[in-house]
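As they're listed, the protein sequences go chains W and B.
Residue numbers 11 to 160, in my numbering, belong to the letters of the first sequence in order.
Residue numbers 11 to 160, in my numbering, belong to the letters of the second sequence in order.
Number of protein chains: 2
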Amino acid sequence: MRLTSFTDYTLRVLLYLGARGEEAQLATIGDIAGAYGLSENHLKKVVHHLAKEGYIRTTRGKGGGMELARAPEQINLGKVVRGAEEDRSLVDCLPEGGPPCVILPACTLPRILANALGAFFAELDKYTLADLVRPPGPLVKIFTAPSSRR
Amino acid sequence: MRLTSFTDYTLRVLLYLGARGEEAQLATIGDIAGAYGLSENHLKKVVHHLAKEGYIRTTRGKGGGMELARAPEQINLGKVVRGAEEDRSLVDCLPEGGPPCVILPACTLPRILANALGAFFAELDKYTLADLVRPPGPLVKIFTAPSSRR
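Okay, structure coming up:
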């Protein structure tokens, strides 16, 4: 049971931007990829998604980059994860390119799993990005350490 | 965000056995694979796991097969899913064969996700197999329909 890499990277980008605070320079995809040791390609779609959802603001050109478009307290983790996890069906009742699960018309499992997933998100809804980046010190120390620039 | 196929098939095998009731003949892997249109190979490990966990009882030889080892009311869904999902880390902080996530020492996300996963399982804990197979009529109708024997 795992969140997609896309969701994982979405959270990592927000964490990076949130930890550095408002006074920091704009961050580039290269900065973030370097800090986490990830490929820039993996992050491009994530950054596009975050900009589209209004979580970050990007500036083009020399000296350009990205920053949070809202305070960390205004970025709800449940909402972020819901938005990033495109497919939230825990079991594959309707597999792509295959026949639906034969018991689908009589099966109550999807409803029960939906309840459990509701409880999962209700718990995440209690947190914001601020809970991930306060205090920012330890994270900033990691992000600015020379060894994290890979 | 998805449960593994292993967990999905674990639930399907229990559903099949639970819906048919105590009076039914022992079921073979072939019966269950045929009913769901799944390969027998996929189910072998699942059946072995369920027997090891004490959910089913298997009998070898001619006329052999499997049946539930407990009443459906005694089979808790949260426990079944916890037992089947070997890896319950929602994000991959410690990828196999790769370096750990660089912010791991300072990151509070794993704790928050663990809380959310706890809420997910607490919800599943409210249900047993009986909630999936009562009333059994509609499921049995599907399992015994000629079209489900593929």
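By construction, the Cβ of each residue, glycine as well, lies at the ideal position given by its N, Cα and C atoms.
Since the structure is predicted, the reported quantities are computational estimates derived from the model, not experimental observations.
Evaluate residue i with the Cβ neighbour count: other Cβ atoms within 10 Å of its Cβ, from every protein chain shown; 16 or more gives buried, anything less gives exposed.
{"i": "D162(W)", "result": "The structure shown does not extend to residue 162(W), since chain W is modelled only from 11 through 160, so no value can be given for it."}
{"i": "P110(B)", "result": "exposed"}
{"i": "E133(B)", "result": "buried"}
{"i": "R30(B)", "result": "buried"}
{"i": "A45(W)", "result": "buried"}
{"i": "R159(W)", "result": "With a pLDDT of only 49 at R159(W), under the threshold of 50, the placement of this residue in the model should not be trusted; the figure read from the coordinates follows. Exposed: under 16 other Cβ atoms inside 10 Å."}
{"i": "A94(B)", "result": "buried"}
{"i": "G40(W)", "result": "exposed"}
{"i": "E106(B)", "result": "exposed"}
{"i": "L13(W)", "result": "buried"}
{"i": "L104(B)", "result": "exposed"}
{"i": "R22(W)", "result": "buried"}
{"i": "T69(B)", "result": "exposed"}
Using a cut-off of 9 Å between C-beta atoms, extract the partners of residue i located in chain W.
{"i": "I122(B)", "result": "L87, E133, L134, K136, Y137, D141 and L142"}
{"i": "N51(B)", "result": "Those within 9 Å of N51(B) in chain W number zero; the least Cβ separation is about 17 Å."}
Going along chain B, which residues have a C-beta under 8 Å from residue i?
{"i": "P148(W)", "result": "P115 and A116"}
{"i": "L21(W)", "result": "V101 and L119"}
For residue i, which option in the options has the closest C-alpha, if you only look at C-alpha atoms?
{"i": "A116(W)", "options": "V150(B), L13(B) and P120(B)", "result": "V150(B)"}
{"i": "R121(W)", "options": "A140(W), G107(W) and V101(W)", "result": "V101(W)"}
{"i": "R67(B)", "options": "H59(B), L78(B), G73(B) and G74(B)", "result": "L78(B)"}
{"i": "A124(B)", "options": "G75(W), A129(W) and V143(W)", "result": "A129(W)"}
{"i": "L53(B)", "options": "L24(B), D135(B), E32(B) and M11(B)", "result": "L24(B)"}
{"i": "I113(W)", "options": "H59(B), A43(B) and G108(B)", "result": "A43(B)"}
{"i": "L48(B)", "options": "G74(B), Y19(B), G147(B) and R80(B)", "result": "Y19(B)"}
{"i": "K136(B)", "options": "L87(B), P148(B), A155(B) and V143(B)", "result": "L87(B)"}
{"i": "G73(W)", "options": "K55(W), A61(W) and T38(W)", "result": "T38(W)"}
{"i": "L127(W)", "options": "Q35(W), L21(W), A61(W) and S99(W)", "result": "S99(W)"}
{"i": "R144(W)", "options": "T17(W), G28(W), M11(W) and F16(W)", "result": "G28(W)"}
{"i": "S15(W)", "options": "M11(B), T17(B) and A34(B)", "result": "M11(B)"}
{"i": "V90(W)", "options": "G108(W), L60(W) and A140(W)", "result": "L60(W)"}
{"i": "I85(B)", "options": "A140(B), T17(B) and P148(B)", "result": "A140(B)"}
Can you pull the chain B residues whose beta carbon is under 9 Å from the beta carbon of residue i, in chain order?
{"i": "Y46(W)", "result": "C111, V112 and I113"}
{"i": "L25(W)", "result": "I113, C117 and L119"}
Quick one: does residue i have its CB under 8 Å from some CB of chain D?
{"i": "D18(W)", "result": "The structure shown contains no chain D; its protein chains are W and B."}
Which chain B residues sit within Cβ distance under 7 Å of residue i?
{"i": "A126(W)", "result": "F130, E133 and L134"}
Going along chain W in order, which residues have a C-beta closer than 8 Å to the C-beta of residue i?
{"i": "I152(B)", "result": "V112, I113, P115 and A116"}
If contacts are defined as beta-carbon pairs under 8 Å, then residue i and residue j qualify, I think. What distance do you get, rounded to the angstrom?
{"i": "R80(B)", "j": "F131(B)", "result": "So it is not a contact: roughly 20 Å between Cβ atoms."}
{"i": "E83(B)", "j": "T138(B)", "result": "5 Å"}
{"i": "L142(B)", "j": "L119(W)", "result": "6 Å"}
{"i": "M76(B)", "j": "V57(B)", "result": "6 Å"}
{"i": "F153(W)", "j": "Y65(W)", "result": "18 Å between Cβ atoms; not a contact."}
Identify the contact partners of residue i in chain W, using a Cβ-Cβ distance below 7 Å as the criterion.
{"i": "L13(B)", "result": "M11, L100 and V101"}
For the stretch 90-102 of chain W, which residues have a CB atom closer than 9 Å to at least one CB atom of chain B, in sequence order? V91, E95, D97, R98, S99, L100, V101 and D102
What residues in the stretch 57-74 of chain W bring their beta carbon closer than 7 Å to a beta carbon of chain B? none
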